[in-house]
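Below you'll find the structure, written out as structure tokens, and then a few comments.
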Amino acid sequence: MEARSPGVASSARKPVLNNSARKIKDNAADWHNFILKWDKLNDAGFTVANNIVNIKISKETENDANHQVDCDGSSVIQKSASASEPHKELEECCTELLDIMDKMTHLVSKMAKLSSTVKGICVLESFQHGEAGRDRPLFHTWPTKQFDEVSSKLADAYQQELRLKQAIAQEVAHNTEQDLAMVYLSAWLYQPYIEDSSRVLLESMLLETGHRPL
Amino acid sequence: MHDSMSKQAAILSVHQATKKCFEVIGQQQSVWDCTLADCLPLLSSLSSLGEQLQSCSKVHFKNTPLQGFPELEQRLRYKLIQAVETVLGKLGEKMSVLQTVRDAVSNQVATVFQQYEQHADTIGLSASIERSSLAPSVADMLEWLQDIDRFYRNQFLKRKLLLQTIKPDNFSHMQALPQSWNRVSTQKGQELIQDTLMKVSFFMDSH
Chain Y
106 MEARSPGVAS
116 SARKPVLNNS
126 ARKIKDNAAD
136 WHNFILKWDK
146 LNDAGFTVAN
156 NIVNIKISKE
166 TENDANHQVD
176 CDGSSVIQKS
186 ASASEPHKEL
196 EECCTELLDI
206 MDKMTHLVSK
216 MAKLSSTVKG
226 ICVLESFQHG
236 EAGRDRPLFH
246 TWPTKQFDEV
256 SSKLADAYQQ
266 ELRLKQAIAQ
276 EVAHNTEQDL
286 AMVYLSAWLY
296 QPYIEDSSRV
306 LLESMLLETG
316 HRPL
Chain S
2 MHDSMSKQAA
12 ILSVHQATKK
22 CFEVIGQQQS
32 VWDCTLADCL
42 PLLSSLSSLG
52 EQLQSCSKVH
62 FKNTPLQGFP
72 ELEQRLRYKL
82 IQAVETVLGK
92 LGEKMSVLQT
102 VRDAVSNQVA
112 TVFQQYEQHA
122 DTIGLSASIE
132 RSSLAPSVAD
142 MLEWLQDIDR
152 FYRNQFLKRK
162 LLLQTIKPDN
172 FSHMQALPQS
182 WNRVSTQKGQ
192 ELIQDTLMKV
202 SFFMDSH
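For the record, the sequence lines run as chains Y and S.
Quick note: to get the numbering used here, add 105 to the position in the first sequence (first position is 1).
Quick note: to get the numbering used here, add 1 to the position in the second sequence (first position is 1).
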């Protein structure tokens with residue numbers, strides 16, 4: 106059974122979506138939810154990474170003070186006792202960051218699955234309707250291929266961003282250079298590979314599939 | 002007698018305009034102060050972004066574990082500059098509010114001076130400088146209003162100029178913004194409006 110014809114106001118009646126359309130509509134909703142989850146993890150990860158950098162910086166300044174004290178030959182024992190506390194805190198933060206990375210990795214694999222689901226729908230459509238695809242769009246105006254393009258773009262962007270975060274997570278606890286630490290934090294927070302166009306793509310997909318009112 | 006009646010009427014009309022003006026100043030002052038306070042977190046953001054842009058320019062990405070990431074430096078810079086522009090946009094909105102305060106005060110002060118000019122001859126010089134227990138002299142109040150008008154104009158202009166000099170590659174300027182901004186407020190200036198409103202408080206309360 107074909108989907109409702111374009112041009113009919115979406116508020117007029119509840120459309121009966123065919124299988125492909127329903128899958129794509131759910132797909133769009135999933136994209137939205139996954140990206141929301143990602144943003145939350147991004148914020149949480151930033152807080153932890155920031156803590157790690159601060160601990161490293163305070164350890165560095167403490168080490169400098171240590172050297173001075175050593176030259177005096179006084180209070181060496183005192184220093185080493187207080188040095189173990191930030192070490193424990195650092196370990197805890199690193200564990201927390203790894204945990205966040207795990208969640209983000211899992212999320213990206215779910216995003217990849219969304220992308221491959223849509224690809225599957227396109228393949229099915231080619232099989233059923235030929236290379237040109239179906240004559241009427243599933244929703245308003247988008248040919249089914251467009252959902253594939255959007256999903257792929259989004260999945261690629263988040264995959265690349267994940268790789269960057271993995272690199273940062275690995276390095277941030279070992280780095281002692283202040284400028285590089287700042288770059289790690291900036292790169293985490295501002296997500297260089299998630300372009301504005303990604304947000305626009307998501308919103309337009311939500312509009313097309315009726316998740317947002319037109 | 003006719004003369005002294007119209008002199009009284011003239012003084013009254015100037016007093017009324019002056020009262021209205023001080024009322025507006027009282028209201029606008031809190032808008033001004035709130036808006037200045039709203040600017041502080043925005044300036045802190047700019048300061049932090051300045052630090053980040055500086056670090057981004059100092060790091061040789063090719064010599065770091067991030068070397069494999071395509072166009073990373075450009076993309077990061079782009080995002081940071083975009084963030085700067087967003088904050089500048091918000092600061093622009095705050096500056097608009099400050100501008101409306103400056104203009105509101107200016108307009109009211111101009112009205113008072115207009116009133117005075119119309120009636121100056123009728124009031125005469127000695128009445129202008131006469132002060133009573135309830136009211137400062139007209140001359141004094143006009144001077145204070147001028148000072149307040151000048152204060153807001155001055156403050157607005159200085160702050161506007163400060164924001165106009167922000168450039169994403171002038172890192173030290175950006176990082177110093179919160180301090181530079183605070184330096185624009187002078188001790189004398191802070192007290193001017195409070196003190197003036199105190200000096201006219203009896204006058205404002207009288208009919």
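Glycine included, C-beta positions come from ideal geometry on N, C-alpha and C.
For the 9 Å CB-CB criterion, residue 160 of chain Y and residue 202 of chain Y do not form a contact. For residue 65 of chain S, the nearest beta carbon of chain Y is closer than 9 Å to its own beta carbon. The shortest CA-to-CA distance from residue 66 of chain S to any of Y:268, Y:297, Y:237, Y:250 is the one to Y:268.
The beta carbon of residue 45 of chain S lies closer than 7 Å to those of 179 in the same chain, with the five residues before and after it left out.
Residue 24 of chain S sits in a helix when the DSSP states are folded into three classes.
Contact between residue 15 of chain S and residue 116 of chain S is confirmed by a C-beta separation of about 5 Å, below the 8 Å threshold. With the criterion set as a beta carbon lying under 7 Å from some beta carbon of chain Y, the members of the region 55-80 of chain S are 56, 57, 59, 60, 65, 66, 67, 70, 73, 76, 77, 80, in sequence order. In the DSSP assignment, residue 76 of chain S falls within the unbroken alpha helix (DSSP H) covering 73-124.
Taking C-beta atoms under 8 Å as the contact rule, residue 77 of chain S and residue 292 of chain Y qualify, at a distance of about 6 Å.
Taken atom to atom, the span from the alpha-carbon of residue 238 of chain Y to that of residue 40 of chain S is near 55 Å. Per DSSP, reduced to three states, the secondary structure at residue 165 of chain Y is helical. Of the candidates Y:272, Y:252, Y:265, the residue whose Cα lies closest to the Cα of residue 314 of chain Y is Y:252.
One alpha carbon belongs to residue 138 of chain S, the other to residue 192 of chain S, and they sit about 21 Å apart.
At a beta-carbon threshold of 7 Å, none of the residues of chain Y lie near residue 177 of chain S; the nearest stands roughly 17 Å away. If you draw a straight line from the Cα of residue 257 of chain Y to the Cα of residue 150 of chain Y, it is about 25 Å long. For residue 281 of chain Y, the closest of Y:254, Y:166, Y:265, Y:126 by C-alpha to C-alpha distance is Y:166. Fewer than three pairs of CB atoms, one per stretch, sit closer than 8 Å, so the region 86-102 of chain S makes no contact with the region 134-150 of chain S. For residue 303 of chain Y, the enclosing alpha helix (DSSP H) covers residues 301-313. Rounded to whole angstroms, the gap between the alpha carbons of residue 23 of chain S and residue 198 of chain S is 7 Å.
In the structure shown, the three-state DSSP call for residue 66 of chain S is coil. At least one beta carbon of chain S lies nearer than 9 Å to the beta carbon of residue 291 of chain Y.
Around the beta carbon of residue 10 of chain S, a 10 Å sphere encloses fewer than 16 other beta carbons of the protein chains shown; the residue is thus reported as exposed. When the five nearest sequence neighbours on each side are left out, the beta carbons in the same chain lying within less than 8 Å of the beta carbon of residue 203 of chain S are those of 134, 135, 136, in order along the chain. In this structure residue 98 of chain S is not in contact with residue 26 of chain S, their Cβ atoms being roughly 16 Å apart against a cut-off of 8 Å. Counting C-beta atoms within 10 angstroms of its own C-beta, residue 234 of chain Y has fewer than 16 neighbours from the protein chains shown and is therefore classed as exposed.
At the C-beta level, residue 141 of chain S and residue 124 of chain S stay beyond 9 Å of one another. By the CB criterion at 9 Å, residue 95 of chain S and residue 187 of chain S fall outside the cutoff.
Within 8 Å of the CB of residue 52 of chain S, the CB atoms of chain Y belong to 287, in sequence order along the chain.
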